[in-house]
Amino acid sequence: HLAPLHSPQAGGGQPRLADRVLVWLLSPVAAEVAAYGDVTISRPALAAQFLQAARRREASAGVDVQEGGWGEGEEADEVRLRWAFGEAKRLLAANAAAQQALQDQMAAGASVGGSVLLLEERLKGRWGSV
Numbered sequence: 003h004l005a006p007l008h009s010p011q012a013g014g015g016q017p018r019l020a021d022r023v024l025v026w027l028l029s030p031v032a033a034e035v036a037a038y039g040d041v042t043i044s045r046p047a048l049a050a051q052f053l054q055a056a057r058r059r060e061a062s063a064g065v066d067v068q069e070g071g072w073g074e075g076e077e078a079d080e081v082r083l084r085w086a087f088g089e090a091k092r093l094l095a096a097n098a099a100a101q102q103a104l105q106d107q108m109a110a111g112a113s114v115g116g117s118v119l120l121l122e123e124r125l126k127g128r129w130g131s132v
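Take the sequence shown: its position 84, counted from the start at 1, is 86 in the working numbering, and no numbers get skipped.
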């Protein structure tokens, strides 16, 4: 069963949208590191670039990048990015069987619809906690 993401800065509650986006951006990096031990194709800098862009747009877009108690500055961003990378690794590990089944199905030439069906079956009952 998947435990929900918990932001340490948000008092252990659900992470804010910015935190979820960071986990999403770092998931390919975590997958590549898990599979190959290094980063060669994925782009880990995208997460930091997202935070910088969100800060620039805070006032005009109504985005509160510090929402949830995160600090401001390079050191706080580094802590936040490490947290997001750790969450991405944890989610990949928790879903390793589904990921492997999907990879096998895709390697066998399965359709997109078949791949979606596989994931729906494997993750049935977990959507509310993802």
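Built from N, CA and C at the ideal position, the CB exists for glycine as well.
Taken through DSSP and simplified to helix, strand or coil, LEU53 comes out as helix. Here LEU121 is actually not in contact with ALA90; their C-beta atoms are around 17 Å apart, not less than 8 Å. A buried status is given to LEU24, since no fewer than 16 other beta-carbon atoms sit within 10 Å of its beta-carbon. ALA49 is positioned such that its CB atom lies no closer than 8 Å to that of LEU94. Excluding its 5 nearest sequence neighbours in each direction, PRO46 has C-beta neighbours in its own chain below 6 Å: VAL31, listed in chain order. Look at VAL41 here: in three-state DSSP terms it is coil, with no helix or strand label.
Judged by DSSP in its simplified three-state form, GLU76 adopts helix. Excluding residues up to 5 positions away in sequence, ALA100 lie with their Cβ nearer than 6 Å to the Cβ of ARG124 in the same chain.
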